[in-house]
Structure formats: structure tokens, C-alpha cells
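Residue numbers (the working numbering), protein chains in the order written: chain A, 3 to 93; chain B, 3 to 93; chain C, -3 to 292; chain D, -3 to 292; chain E, 89 to 483; chain F, 89 to 483; chain G, 247 to 432; chain H, 247 to 432. We put the CB at the ideal spot given by N, CA and C, even for glycine. Following: one structure in C-alpha cells, then a few remarks.
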Amino acid sequence: MSDEVKQVLPLAKPMEGVSGKTGTWRVTKPVFHNDKCVKCRLCWLYCPESVIEIVDREDAFITINYDYCKGCGICSDVCPTKAIDLVPEGE
Amino acid sequence: MSDEVKQVLPLAKPMEGVSGKTGTWRVTKPVFHNDKCVKCRLCWLYCPESVIEIVDREDAFITINYDYCKGCGICSDVCPTKAIDLVPEGE
Amino acid sequence: MMVLNIKELPQEKYLLSGNAACPGCPEALGLKYLGMALDDKVILVVPAGCSSVIQGLAPGSSFRFTTLNVPFASSDAVAAGLAAAKEVVGEDAVVIAWAGDGGTADIGMATLSGAAERNDNIIHVCVDNEAYMNTGIQRSSLTPYGAWTTTTWTGKKERKKELPLIMLAHKVPYVATASIAYPTDYIEKLRKAASIKGFKYIHLHAPCPVGWRFDPKYTVRVAKLAVETGMWILFEAFNGKVTISPFSRPYQNKERRKPVTEYLKLQERFRTMKPEDVKLIEKMIDDAWKTLLKFT
Amino acid sequence: MMVLNIKELPQEKYLLSGNAACPGCPEALGLKYLGMALDDKVILVVPAGCSSVIQGLAPGSSFRFTTLNVPFASSDAVAAGLAAAKEVVGEDAVVIAWAGDGGTADIGMATLSGAAERNDNIIHVCVDNEAYMNTGIQRSSLTPYGAWTTTTWTGKKERKKELPLIMLAHKVPYVATASIAYPTDYIEKLRKAASIKGFKYIHLHAPCPVGWRFDPKYTVRVAKLAVETGMWILFEAFNGKVTISPFSRPYQNKERRKPVTEYLKLQERFRTMKPEDVKLIEKMIDDAWKTLLKFT
Amino acid sequence: MAVKPLTGNYAAAWAARRARVKVVAAFPITPQTTIVEKLAQFIERGELDAKIIRVESEHSALAAVYGAAAGGARAFTATGSHGLMYMHEMLWWVAGSRVPLVMAVAMRTLGPPWNIWTDHSDAMDQRDTGWLIMFAEHNQEVFDELIKMFKVTEDEKVYLPGIVNLDAFILSHTTEPVDIPDQEVIDSFLPPRKQPYVMKAGNGLTMGNIPKDLRENMEMREDIFRAQERAKRVIEEVDEEWYRLTGRRYGGLIECYRCEDADHYIAGVGAWVGDMREAVDRLRSENGLRVGLLKIRYFRPFPREEISKWLSNAKSLIVFDRSVSPGSAGPLFLDVVTHTTLAGLRLPIKNVLAGLTGLDVTYEDIENVVLKSVGEVEESGTFRNFIEWHYGGEA
Amino acid sequence: MAVKPLTGNYAAAWAARRARVKVVAAFPITPQTTIVEKLAQFIERGELDAKIIRVESEHSALAAVYGAAAGGARAFTATGSHGLMYMHEMLWWVAGSRVPLVMAVAMRTLGPPWNIWTDHSDAMDQRDTGWLIMFAEHNQEVFDELIKMFKVTEDEKVYLPGIVNLDAFILSHTTEPVDIPDQEVIDSFLPPRKQPYVMKAGNGLTMGNIPKDLRENMEMREDIFRAQERAKRVIEEVDEEWYRLTGRRYGGLIECYRCEDADHYIAGVGAWVGDMREAVDRLRSENGLRVGLLKIRYFRPFPREEISKWLSNAKSLIVFDRSVSPGSAGPLFLDVVTHTTLAGLRLPIKNVLAGLTGLDVTYEDIENVVLKSVGEVEESGTFRNFIEWHYGGEA
Amino acid sequence: MLNKGLTEIRFHGRGGQGAVTAANILVVAAYKAGLWGTAFPHFGAERRGAPVTAFARISKRRVRVRSMIRHPDVIVVLDPALPKLVNVFEGLRDDGRVVINSPKRPDFRGPWMTCYVDASKIALDYGLVMAGWPLVNTAILGALAKAIDFPMKHVTEGIQEYIGGVSGRKNAAAAEKGFSEVVCVE
Amino acid sequence: MLNKGLTEIRFHGRGGQGAVTAANILVVAAYKAGLWGTAFPHFGAERRGAPVTAFARISKRRVRVRSMIRHPDVIVVLDPALPKLVNVFEGLRDDGRVVINSPKRPDFRGPWMTCYVDASKIALDYGLVMAGWPLVNTAILGALAKAIDFPMKHVTEGIQEYIGGVSGRKNAAAAEKGFSEVVCVE
Ligand SMILES: Cc1ncc(C[n+]2csc(CCOP(=O)(O)OP(=O)(O)O)c2C)c(N)n1
Ligand SMILES: Cc1ncc(C[n+]2csc(CCOP(=O)(O)OP(=O)(O)O)c2C)c(N)n1
Ligand code: SF4
Ligand code: SF4
Ligand code: SF4
Ligand code: SF4
Ligand code: SF4
Ligand code: SF4
Ligand SMILES: [Mg+2]
Ligand SMILES: [Mg+2]
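Dropping the structure here:
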């Protein structure tokens, strides 16, 4: 039996995308419309994937990282002004 | 290996005195005095060993089974008239 | 609630003489009264604890109840299974999980809470001598604040878990407290419990001379003092509605309670208590009454 | 209680994107807000449940919290040991047992109750999605009356165990309820809990689209309706004294509650409910409020 | 008779149904969960007249069915992996009580790390408890053996509880045709429940109090040992009876596949025995190696006599373990080596540790191991290593 | 140095104290109870600077010390019998986590019926979990081995938890002189705690989430297997170091008593090894039989090489088991037969099952067994039975 | 294709699309056709929308082999987008088949035969929709039957047995449609 | 008696009387005297007042044997009433000794030597009382020392080490008294 020590341990380190590009799971896609946005940040607050970023640019108050947005639609549902549309993915 | 069936099971049946004559544990002994007894039955009620019997004879309202009386003294303590004395065992 | 008369109590013995209980044992009393209440309709499920030892040595047993000894953490689940079996085979039986404070409130807590939530058709009796007596007086969650045990040499620092209250919060059909000093009250509660379908909880206060360090002749006296000082409140609750039981009713009125020191001083386990501890205990008593009365 | 403003919330992510949570997962939200509340001061102890899966596959992890996965029944005890170690080695850490309703109220109940009674210095967060979701939607003791699960095909026959009340009865320093729909409230409660020494219990209502059978976009909506219908009451209690939290305060007044059917009808799990079941639920809501208000 | 496409788990649920169990209690754990779900459904739909207790843990699951069984009802539970570990104490208790009871175990890796795939550690870990332990190869066997297990455990020569193990996913969640005999057929096979004693109000029986005489207590342990020995014949007889009823027979404790003329043997338990069959066929047809396969069905009682009988002319034996006792060897290996040695056999035996933690093992992997190892034996009369970790795969 | 008359339990408590454990959590069970009571006393008196968690069950006891150990504190617990069974799941978890941790197990019979006397079933039942498992013969060994166990388990070549077993009552409650070295001596021997990783706020480590690659998971299992193998040398080195410090040495994994010229051997673990020594001396002096005694100190890792070395010229071996795996044989026997067979040894081996459930076994009993059995071997070259239940006594 | 003894099939779908059901129905159908079949999911954290796989083996003999399918004879793709997201072709035998839900001939190429059918449209046409998703698994089963020469009769029987009721009949019809509309190209 | 190598002693008392303590102190004393000793209780449900036994082995060599003592060389009886209640003489060797707490020569007879001392009186004289019971275990230890030729000095040292403080001194004195007052008869 070898005497060499090289522990194989059940450890992990923080990493983005450990379940892959979960954007591929999306069935419906949230589409942001800056014109309707009232900058309330609720979408940012409630996005379970933390893929909404507040950028507060002129052309967009928020951005959505579609690599990981799972398309749950919460952002759309919580948006008071319906500034986020849900459209079928791939259309 | 023998094929004979004779189960040895962890079972028991009710039996008096399974811990022996527990009267031998007695350090102090309850002694009943009929004259003081007011027949309230509290000694009978509270004896944890159930060794007090209500006989309601003229000479004795109760009897104590010393084979199993452990000499705890509860009967004496609960007796409203101190009709049960506690005396050191063997005296 | 009507109070039974001593003369009405049966003479049959279900805990036989010559058992292995210590002199002055409160669990023996609890079992004796259980027999008086329900006689041979009972199947006892007994986890590890003094009551497993009190049975004495096989092939004999001091219990005339049909008795299934079970692992420490399992009593309510075994009882639930047994009760289910009796139901499906159509046999009558009052299935009782008879467990100590440890078997009830510590290792058995998940099982207890689970059976309560499922409303399994059993009675759980917690025979509460406020420590693990069978293993030699270690603290349990039901050991009161300040008590010496062999794992709390300088007195327990935490309060007694208020299990009757916790069981009330489980919204089971029947919750009651009882005391070995008030057998008629306890017997009636057992009979009521047996008549109700679903989960019933009875918490029996059981002062233990060995673990609490008092003369065995005082078992009943100490138990009585617990009630008279208001430390232990006798009540019952149907579907969460509390009624203070007759023997405790006087002590709703704080003035009528005996000083708690009368209770404490009989017991060596409280000998390390300081005056401020006693104050704390008095406050706990007040609080307990206040909380309980909210549910009346 | 002051309500936090969204703008004050940190942007750091502690639950990383690309994790294994289902779309619209409430536990993901709970974890996200936990990070906002306490950032890297946390050590999470996680028993089996969806949150063990959400971490994704090693050697990576979607959790930036230091995280110890542990057996299903063990979380509070492991957390207590960890907290003790940190105390003796003099390291700062907020040790949190993060458990589902099953890990909290069922298999973990004894451990939870034990840690509460010992007043171990940990926070227990019960992330309550009202069933065993990780194994595919089986009933738990926190599944509400009438809900379909894969072990209650015709709806659960027993009521939801009122765990917040039970934990109140444990007399721990801090008990609070929270909801993923009210993150600021929840975050404040986490921060308060972290500032208190001893045992803290936070019960987080977490509607799960998969197990409750609603469109994942409604996670927050359903959670909000639970509060607005009075089904879920936000409160906090220091040493047993209850305060209804601002977001629930309106619903003390029964008139202001939304009809409970608004909550139920969004969820397919309640589709087998009959009108009398709805009545029963309305009564349960009333009772729960009444009971809780006794402790204010 | 009706052939239904069923997962191993549904086959288990059907077995409980056909056995007319009266009380079910179980706690979910992947991959066992669908057994309980299905039983809950049978019961709620009124298709099975039984009570289900939706317990809060596995310790309570086994406790509840134990209570039911002690009370005289046929009872069933199922678990696996950590669930089995969590109820481990109860296993000892049930066997010690001599209360017949049947459990299905969906075998799964023990953590950490969390892992839901098959591994036999959980099942093997129960080998001292006194339970009968059998491993199924396919879903039909899951069904058949569960039914038979009721009969075996309730035989007065046995009166011990029993486990039927099925591999996570590769049985539990694999759908394949399973013949479910009609209820009357099973009723004719499985008599009403028998057990050595029943806890009944009024009969005054006490079970489990402290014994006065330790000798008697030790005799209880020996009696469990003897009951396991006696179970061997019962298992064979029940297997025969089942054969007469259904045309399916498994060989009792052991099946030896293509052993009549075999030189070299492999041995294993559970679902991968199927892959081993394939490997044996191919080794014979493609490599001209006369390999036989010992499918060990019952691990407890261990088929001491049978195994040694088959191996009497063997040139070598490779034991495949899907679990390991660290610091020693594979559990199956430990038993096989011991009992063949006691039987006076002397042959090169090797332990291959493979497929642990759910690592996939193909028949090619098995073929490769056998080819290499048998090569060693044919060359040098012995194996190079007695214990070999095999990771297989194409990597 | 101070020699104190101590029970085995107090020796264990002293070991924890001298090892400067930082966290203790335990749940009472006869006969372990006085270990915890004593530690509670040490701590409440300020003699030991540690936290004690008075948990509500054994599952939580091991969980709590596990949490503490994972968090970087040296931690200790103790249990036995049903307590060990109730925490069984946690044992797998702790070993799988590779978190060093030390536990004393006061071995006791498993119920039903309830029985507090010694029996090795509880300890043997842990043999698959990955823990190091050693059995003490006397109270000095209890103390010494617990101290050494901390060192072994915290060695980077090992990083596994470890158990020291002591027999109920005949060690746990027996008072005998025990040398307790001064704190400075132990401090010089036992370095500050080391472990492979520490759970610390901010370090972002996750332990135990689902692995992507099953191969890696299987490698973790193999690594536990290898760590057990590596532990062998560590145990021997630590034994030597202890010897240099205290003058006490035990032979590492195994001690062979009067083996230099032995023909016949007996083997056993635990406290009755003392009685076996007596029996060996008498068999030699009174019967002229050259008997040697294999005292197996470590059961995990199993001393595969050592045992075979000692037995290379043996004419026979009797393995005494104080527990049994029903349906097979004694656990110690299973390991001994397997590993001697693999080492190419071929000698008559017999399993004597005795002293189960606490039945008293005297050196006369052992002598009788040996005389009879060796007689058989000398007559016929083999034993009449390979497994024998022995009740001994005068009855 | 079924003549070669053992046919190994891998299904690719998304969580919620019914790939596992499709595999199971195939086992039922196989049994009706006098064949043996086994079907098993690649279990994991199956999340709605996430790519999932399921497996089936069809054989004339009882299937004994339990290991994963590494070199499928057929892959069945329930979602047209999947080939872009995961390597659905991994291990596919050169003489294999691809059966895919696609309104038009897919643009990937390989040595295998490709059969495509607009299963989504068929599902919508037959009113097979759940939570907004077309239930494509039965339509694609029909296509699969065509692609591997599996007797269609047993597929429809299998579907009706497995699903039952009105829904079963609708699904069976969808399968027939899939069978008749599928286009196979080399 | 100690010259024969191993001396096996059985103590009989009642629960609460300190038989186990007596056996333990003997081990301490033995170690001080350059001997090895082991002491162990016969554990069971030890109840106040119930007959209990404890054992000790004293030897020149380390004691290795762990089995029960079946043929004691000495029995020590702490309570005069015990011989009437249990067979305290069971297994006692013919050449053994009985050491008993008794105010007068006990009326049992046997082949062994009998040593008696009024340990109860000594205990009361020295104020050794707990919960109404005389603590006889140290006085009887003195008597035992005499009976088996055990060096008394180490007994008193042992007592003081084991018990400590004022109580230790009182107990040591009681032991001395027991040693000097014991009467042995054949
Ligand atoms: C799993 C397990 N852990 C520990 C024990 C040891 N044990 C037996 S009884 C007991 C304490 C019982 O305390 P309690 O339930 O209060 O009953 P009491 O003895 O006070 O009547 C303990 C810890 C056991 N039998 N099983
Ligand atoms: C001892 C044990 N039993 C069962 C399981 C299987 N199991 C894992 S998670 C889980 C349910 C978790 O439910 P809950 O605690 O509510 O968390 P959720 O998944 O809903 O987040 C179960 C039963 C296990 N891992 N260990
Ligand atoms: S759809 Fe869901 S995941 Fe995507 S951005 Fe909106 S809330 Fe976030
Ligand atoms: S919720 Fe709507 S309005 Fe508010 S910030 Fe987001 S997109 Fe803008
Ligand atoms: S002393 Fe105790 S046991 Fe004896 S009669 Fe009185 S109460 Fe009963
Ligand atoms: S308690 Fe006293 S007065 Fe009452 S019956 Fe007994 S002896 Fe008589
Ligand atoms: S310790 Fe207390 S409860 Fe236990 S048997 Fe003795 S007196 Fe009864
Ligand atoms: S099942 Fe529910 S709680 Fe679990 S990961 Fe999915 S959405 Fe979240
Ligand atoms: Mg108690
Ligand atoms: Mg949940």
C-alpha cells in the first residue's frame, strides 16, 4: 500500500456557474423596457438568481445576465409598471 | 447446525417478588398503631409498594406485608394522625 | 372536574410487590395509579429509564400491564404503530408511551412532537423526575433551574423546558398535568385521556428521593409542596382550552401559595442555590401562571 | 422596528449565479438575503434538503458562505459545537443552522428543541416550503391542512404544526417569523438575531413553485398573499414578548385581510379543497392570531 | 397474473400490497421515496386496506412498524442510505425481539459528500444486526423476494426480520416488465401472519426487561444465530414453492451461473450481477475462458455450504465488492474468504472494489478485470494483488 | 507523574483533560456515564478549560463534537451500546469528512433485553465506518491510548476519527492504579491540533456538497482506506514515542504474548485479554502447552501483516469473539481468517463465541477451551467445529 | 434496427418535458411487441427547463445490463434548442439514428441518419399542453417508432395503457401523427 | 494471607453503605503498600438498603484477571443482618476469612476464620453518620487489614487520600479502631 499522502477531501470552493450556464434552462425570457421603468429596484431585489444588475445608465436602469437567468419571471411579476415582459424563449 | 426449533425469547411474565424479598432492603420499619388510625386510607393510597392492605378488622384497619415493604416511610409521613411509626429496622 | 373518592379506587395491583424500584419511588406510584385507572386495558410502551428497571428481572416482571420495552428514542413511534395495529386488527387497547423526562423531552422529543402532530391514537405519559435517574442523576431539559445533578455540579444554568406548554402549542386533543401526590386527579385524567381518540399528553410530576436528595418518606410531601407553592400547576386542556384543576385552583391566587423555599429546602439538590436564584424561581412561577391563564 | 430601505442593501452576492435551484426558488431568495444581512460573518450548517442541492456540484459551490453540510437530523447540534469551538478559540462567527421544514420540525425537532433549551449560541433558520421538496414533495409536519403532496394524495388531514409558537414556548431570547416576500424585514431580523447571544429562531416562509404547484413567477406573489390573507403572521419576540411586525400589523384587523381563497387558488396543491376546508382554514387563521396576540 | 412495467420501487410497493400489509410507516429518502409515495396512493385510493404512518424520521419509521408487528400486524417499511443509518439502532432491537418484519432498502452511497447513487455500504453495514439480508438483481426479483421474505420471516423456524436490497436507480428507478401475480395467488402462498408472541392488552407479557440469567441472554443471541442457520432451508423451500406457483426459481441462497464447467469464478451481489452475466457470456464466447458467476442472493444467512460446494474445483475466484470496510477489505470478500477457507478450500481469491459511490461499472470493465486477473493466475498460480480498487470506465 | 487509582472511565476523563480538549459533548448511558460526569466536574471546577454541551441525544453528541472539531477545536465524546447505535449515522459522516475526533466507547450489550454488561457487538458494528478502532485491555491502556489516539488521528497521514473501546464494568467501573503523567509531559507529546481544513467564517469552504465526478467520490473512499493503511506506521511510531516518554509500549497494532516459541495461538480483543494471559501462563506451566496470545489492539486498521507474521509457524489458532455476526461468524474471526488466508497461511482456525451479553468468562474457561480444542488439533490435525458457542462457567 | 438484438436509446429533453415518461412508455410498448425493455432516468437535480436525459434499452432477450448507456444507437431529442446547449450526440454510434423535434431539417450533420418531426406543432394541434408547454413526448415516440422500425400499433397501445382516458387517446393520436410525419434523411 | 500472591475479596453491604468505596480505598492502600489492586462493583440496580456486593483483588503482581470472583479468599460483611438475608459465604474458600461488622461473635460457623468488630458503634463513636446511617466502611477496612495482615499504615493513608479533610481523618481513626478492636476466631 502506498504511503504517499494526498488527501482526497469532500470540499468545494465558491464558483459561479457550478450548475452550468443555467440560462439554458430558460423557457420564458424576461425582456426589460427602460421606458416603463420607475427605478424601484424591486426586480433586482427579488431576482432569485441575482442576475439583475442596477446599472442606472441612460439607456437602461438594469441589465439582465442571460447566461444565468433561469427565466422564472419573478422580476416581471413584481415590477409595478410591467417594465419587464416575459416572452417565450427562442422567439 | 441443529435444526431443532426452540426459541429463546426476551419475554417475561408477571410475578411477585422478582427482585427478591424486598423487605430485606428496609432500613426503617413502619409500625401501625390501630388506636390512632382514623381509617382515611391515605397510607394505602400512597404506599408505592402496594404492601398495605385494608383489612378493616377490629384489631387492625390495615396490615403491612413486611416481606416486601421497603421501609420508605411514606405511609408514616402521609398519615394524618401519625398512626404509623417509623422505627429502625432490627430493633 | 369531579374529584374521585379514595374508596372508589380499585384494589387490583398492576405494579406487583417485590419490584426493583427504590424505596419511596414516585414512578412506582405513577404505575400503581395507572393500574387503578385503566387496569388491563393497557399496553405500555416503555423506553429506557427507571421504569424499565422497576420491572425487575426476567423471566419475571413486576408489571401486570402488557409491556413492550423499546429503545430510548422510540416510544411514541412504537406506540403509534401498536395502536395502528390494534385498530386494523380490531382489538381494544389503550396504548400508552410511558417515558421519563429524558425519554420524553430530550432524545424522544422529535418522536413525541411527530406523534402529536399526526394525532396518533396514544397516550403519552411523561413521568417527570426532572433528571436522568436511571443512569445516575444527569440533567435533562426538564431539570429545573439551579438543581444539582451529576452533570451540573454547580446547579443547572438553564430553566426547565415548559413541556406542557409546548404540547399545548401542538394543539392536540388533550393535554394535562398531574402529580403523584394527587392520585385521584391523575387517575381521572388518565381515564379521560383513554376515552378520547387521538394524541393525549399527560405530564406527571414525580419527585425522586434519590435524585433530588430527600428522605424517601417525603416523596408525597415534596410532590404536594410543588403544587402548593405553585411550582407545579395542575391543569387540563381539551383542544387547547385550559382549565386549572381543582387542587391547583387555590394557587392562582399568588397570596395563597406557600413560599417556594419550603419546597426547595427539603431537597439537597437545591442546596447551592443563592437568594437571588430563589427570586428568579419565584418570578418563573409567576410567569408560568400568567402564561397558562392566557389559555383558560 | 425600523424598516430598511432597498437602497441600503448591499450588492455583494453570497449565493452565486448558475446554482442548482429551480427557477423561482424561494430558498435561493432566502440565501440571497442572508448574504445581504450578514455577509461573510456566517458559517452555515446545512442538513439535507433543497439547500444542499442548490449549492451545485463540487469541487465548486454556489455558496460563498462557509458551509458545512451535515446529516439530516444533526444541524443544531453541529452548529452548537461549531459555535462552542469558535468561542473557545476566540474566533468571530455567526453560526447558522439553515434547515428546511423537515430538517427543523420533523427529524430535527429533538435537536432543535435541545439547542433551544440549552440556549446554544446559534441562529436556526427554518426555511419553510411546507414539504420535503428535495425528495419530491412529501408532507412534513409543517405542510398545511388540506395540501396535496406525494404522501397525501387527497390532501393532508392534519394541521400545520405551529412551530413559531412552539419555539416561543421554549422561552428563547429571540423568535421571529419572516417571509421571502419581505426581505427588508427578514434582513433586519437576521441582523438582530446575530447581535443577540444565545439561541435565536427565525422561521422563514418560502413558497415553492415546484411543490406548491404554481407558476414560478408567482413565488413572491404567493408569499405576499400568505401575509396579506393573515395565513402567515410576521412577528418577532424578545424573551417571549411578541411584537407584530409592521408588514403584518394591518392584518390584526380581520377585515383588512384578503380572502384566503386568493392565496389558495394560486396553488394547485390545494385544488382538492372543499368549501368547508376553506372555512376551517379561515378559523385556523383567526385562532392563530388570537393565540399570538396573547403574547404581545 | 399481470405483467406491468414497473420500477424496482413500484415493484416493492406492489409486493407490500400483495402481501396485504396492514401497517406501513416510512420516511422519504432518495431513491426509496417512490415506494412510500406509491403505498400512500394505494392506501388513499382504498386499493390497500392498511394504515400508513407518515413518521418524522427513519428511527421512528422502523419503530412504528415494529410496534405494529409486535402488535400482530403484518408491517412494511423501506429506506436506504442515511435513513438506514439513522434507524440502525432499531434494527438491532427488532431482531433481538424476534419480531418478523420486512423492509426494502434502496441502497445508496453514504455521505459526505451527498451522493444519491448506488453503493452497498449501507446494506452491508447491517450484517451483524440479526436481520436476513438479500440482494435483488432485477425488479422481478425485488417483487418476488419481498413476498417470499414475508413468508420466510414469519416461519417459526426463523422469526427474524428481513431486508430486500435494491440498487439505487439502476433498480429503484428503472422501469422493466414485472409479473405481479393476482391477489388470490399470493394469498394462497402467503398464510396469515404468524409470530412468536403478540403484545395484547391483558396478556401481561413483558418484552425486553433485564434478564436475571446472563446465560439465557447469551442463548438468545445464539438462538438468533441458529435461526439464521435454520432460515437457509426455509429460504430454499419457499423458493421451491414459489417456483411451483409462478415458474420462477432463484436457487435459494445462491445462484451459480454457468458454473457446471467453470474454472474461474466471479462473485457479487445486487444489480450488477446482470452485467456480470453479460461479462461471463462474453468471456466464454470471445475469450474462451470458462468463467462461472456466483450470484450471492442472501448475504445473511451467508451461504457457507453452497458457496464452498460450487467452488470445490475452482481455479480462482474474484469477489466484487461495491463497498469496503476501510482498514480491512470488502465485506463480501471477508465472508467469502472466511467460509471457503473453513471449508478447506484453497484457491487464489481476489477482492475487486469497484462501483463504490455509484461509479458506473460496465460488463467490459468486469471482463477487463477478469481477463487481467485470470491471466495472472494462469501465469503464476496466484493474483498479483488481493485487493484492487477498480475505477474502470474509458478514462 | 502521579499514579491514581482510577476506574477506566475516570482514566478516560483524565485523558481528555490531559489532551486539553476544548469541547466535550456527550449523553449519558450506563456504563459510560461517569466519564461525562467527571468531565463536567473538571470543567465546572475550572480544572479543564473547555466547553461542555449537555446534548439531548447521542446523535447530537457526536454531531456537536463534530461541529467543534470541524471548527478547529480538539473535541471528545464518549458513549456505548445503544448510544453508539443511535449515533451510528454520524460516525460515517465524521469519517467521510476526514475530521479528526476521539471517542471512548464503553462497550455494552445491545438489547433487547436491556443488559448493561460487556459485549463487543457495539464496537465491532462500527468496523465499516472508517474510524480507527482500538480495544484497551486495562485502565492504563485506556488512558495511554486515548492520548495517543489524539496524536494519531491528527496526523496528516491519517486525519480520521478514532475510538478507544473499554469493556463495561470490568474496565469502566474497575478501579486500579493508573499513571497520569503531568500536563507538561503530555503537552510535550501532543502538539496543538492539526486537521485538514477548518470551517471558518469568511474562508468560503463548502464541505460535503454533491460531487460532479463520481470517480473523485470513490477516490475519497479509497483515500480513507489508504489512510487506514498509513495509520499503521503512525500508530507504531506514536507507540514508540510514548515509550520514550513514559516507559510504556504496547507493540503498536498488536501484542504477541509468549509467542516466541508458541505452537498454538489464541487471539482476542479487550479486557479479557488479561484473563487470556493468565490462561496462557497456566497452560504453559501446568499443561506444558506452548500457547501464544495475539492481543489485537487495533481492529481498524486490521493488523494484516503483523498477525500473519506471528502466525507463520503456528499449528492452530483459536479466535475468541465477544460478539457475532448472525448468519456468519464472529467479526474478529472473519477478519483474522481472511487476512491469514491471504497471507498464504494455512492452519486450523476456530472461532469461540463466548462472553456475549456479559456472561462471565474465566481463565479456566479459556484454558478448558484451549485444552480441548488443541487436543483435537493434535489428534486429527484439525478442529472438530469451526464455530463454537462457549458458555463456560461451572454450570 | 431492432434486429441487432439490443437497441440502446438516449432521450434528451428538458425538466418537465416528459423524457422519462417517453422512455417508460417505450418499455410498455416493447413488452406488448414481445420485446424486453428497460428505461431509466439519469437522475440528478432535475429542474424545470434544465436539460435532462433518460435511457431505454430494447431487446429480444431480457435486458440484464444495468450500466449507463455510453454508445447509444439512437438519440431522441425532444427540444429543438437542445443540440445547441448540450452535446446530444456524445457517444452516438456512427450507424445510429437521431430523432428530433424540429419543424425543419436540422442543420447539424453526422454519419447517422436524422429523423425530424415538428412534434411541438403536433402537440399543440392535439391540445397537448401543460403549464404553457407543448407535451411533445408522445408525438416524438411515434417518430422514433418509424425511425427504428418499431411496430406502431404497440406504441399507441402502450401510450393508452400508460396514460389512459381521453388524454391517452389524444396522445396516441399524436404519436400516430408523429409516425406519419417524420422525415428521415441520411 | 497476602503472601499467596493473589487475594480475592468480596464485600457485602447495602446500597448506600459504601462497600464500593471500601473496595476502592483498599486499592489505594495496596498501591501505597507496593501491591497491585483492582476493585469493582457488582453493578445492577443498586437501591438504597438493598444488598450489594463489591470485589477487590490484591496481588504482588499486576492483576490481569477480570472475571468475577467466584471463590473469594475473604468476605467482608458491612451489615450484621446480611448473612440472614443472602448467602454471603457462597464460594468462600475453606481457608478463607470472614470479616464482619457485628457487636458479638456471630453464630454462623464454617471452616474459615471469622473476624468480627462492632463497626457500627465505632462509626457512631467517631461521628460517621450519613442520613441516619453509621458509615461503617472504614472501620471495617481496619478490621480487614488485621485479618489479612495488610499494613495498617497504608490503609489510613489510603483513607485520607481517598476521602480527604476532616472526614478523612475521622475515618482513618475509625479504621485504626477497627484494626485494634477486631477479634478473630477459627
Ligand atoms: C440511545 C440510548 N442512550 C442512552 C441510554 C441510557 N439511558 C437509559 S435510561 C436513561 C435516562 C432516563 O432518564 P429519564 O427518561 O428521565 O427516565 P428516568 O430514568 O428518570 O425514569 C439513559 C440516558 C439508552 N438506553 N439508550
Ligand atoms: C436520515 C435521512 N433521512 C432522509 C433523508 C432524505 N432527505 C433528504 S432532504 C429530505 C427532505 C428535506 O425536506 P426539508 O427539510 O423540508 O427541506 P427542503 O428540501 O424542503 O428544502 C429528505 C427526506 C436524508 N438525507 N437523511
Ligand atoms: S426571470 Fe427570474 S432569474 Fe431571470 S432575471 Fe427575472 S427574476 Fe431573475
Ligand atoms: S421592478 Fe420594474 S420598475 Fe422597478 S426597477 Fe425593476 S424594471 Fe424598473
Ligand atoms: S414504609 Fe413504604 S413500602 Fe412500607 S408500607 Fe409504608 S409506604 Fe409502603
Ligand atoms: S393513613 Fe393513618 S389514619 Fe389513615 S388509614 Fe392509614 S394508618 Fe389509618
Ligand atoms: S431513582 Fe428515583 S425514579 Fe428511579 S427508581 Fe429510584 S426512586 Fe424511582
Ligand atoms: S423544489 Fe422548491 S425549494 Fe427546492 S430548489 Fe426547487 S423551488 Fe427551491
Ligand atoms: Mg427522569
Ligand atoms: Mg421543505
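Residues of the stretch 156 to 188 of chain C in Cβ contact with chain D at a cutoff of 8 Å, in chain order, please.
So the close ones are K157, E158, L161, I162, L164, A165, H166, K167.
Three-state secondary structure (DSSP) at H:G414?
H:G414 falls in the helix class under three-state DSSP.
For E:L172 versus E:D210, is the C-beta spacing smaller than 7 Å?
The answer is yes: Cβ separation under 7 Å.
Relative to chain F, which residues along the stretch 30 to 52 of chain D have a C-beta separation below 8 Å, given in chain order?
For the stretch 30 to 52 of chain D, which is checked against every Cβ of chain F, the residues closer than 8 Å are D36, K37, V38, I39, V41, S48, V49, Q51, G52.
Are D:P19 and G:R260 close, meaning C-beta to C-beta below 7 Å?
Cβ atoms of D:P19 and G:R260: not closer than 7 Å.
Should H:R260 be flagged as near chain C, meaning a C-beta pair shorter than 7 Å?
No, no contact with chain C.
Is there a C-beta anywhere in chain E that falls below 7 Å from the one on F:G415?
Interface residue, yes.
Using a Cβ cut-off of 9 Å, pull out every chain F residue sitting near A:K23, in sequence order please.
Those within 9 Å of A:K23 in chain F number zero; the least Cβ separation is about 15 Å.
Give me the Cα-Cα distance between F:F474 and F:T263, rounded to the nearest whole angstrom.
Each residue's alpha carbon lies about 37 Å from the other.
What separation, rounded to the nearest whole angstrom, lies between the Cα atoms of D:L108 and E:W181?
Taking the straight line joining both Cα atoms gives about 26 Å.
Just to confirm the assignment: which complete beta strand (DSSP E) runs, minimum length 3, are found wholly within the stretch 129 to 205 of chain E?
139 to 141, 163 to 167, 190 to 195, all fully within the stretch 129 to 205 of chain E.
Under 8 Å Cβ to Cβ from H:M398, same chain only, skipping five residues before and after it: list those, please.
G388, A391, K392, A421, E422, F425.
Taking 7 Å as the limit between beta carbons, can you name the residues of its chain near E:E467, skipping five residues before and five after?
Within the same chain, E:E467 has no close Cβ partners at all.
Quick check: does the Cβ of F:E144 come within less than 6 Å of any heavy atom belonging to ligand 5?
No, the Cβ of F:E144 stays beyond 6 Å of every heavy atom of ligand 5.
Expressed to the nearest angstrom, what Euclidean distance is found between the alpha-carbon atoms of G:N417 and G:Q406?
Rounded to the nearest angstrom, the two C-alpha atoms are 8 Å apart.
If you draw a straight line from the C-alpha of E:G159 to the C-alpha of B:V10, how long is it?
Their backbone Cα atoms lie some 19 Å apart in a straight line.
Starting from the C-beta of B:W46, find all residues in its chain whose C-beta is less than 7 Å away, skip the five residues before and the five after it, and write them out in chain order.
Once the five neighbours on either side are set aside, the close Cβ partners of B:W46 are I54, I56, I64.
Given that G:V274 touches chain E, what residues does it touch there, using C-beta distances under 7 Å?
What G:V274 touches in chain E: P93.
Give the residues of chain H in contact with B:G92, contact being defined as C-beta atoms less than 7 Å apart.
What B:G92 touches in chain H: A327.
Is C:A17 close to chain E, meaning its C-beta is less than 7 Å from at least one C-beta of that chain?
No, C:A17 does not count as interfacial toward chain E.
Is there a Cβ of chain D sitting closer than 7 Å to that of E:S209, yes or no?
No, E:S209 lies away from the interface with chain D (no Cβ there is under 7 Å from its Cβ).
Could you check the C-alpha separation between G:R316 and E:A367 for me, to the nearest Å?
When rounded, the distance between both Cα atoms is 17 Å.
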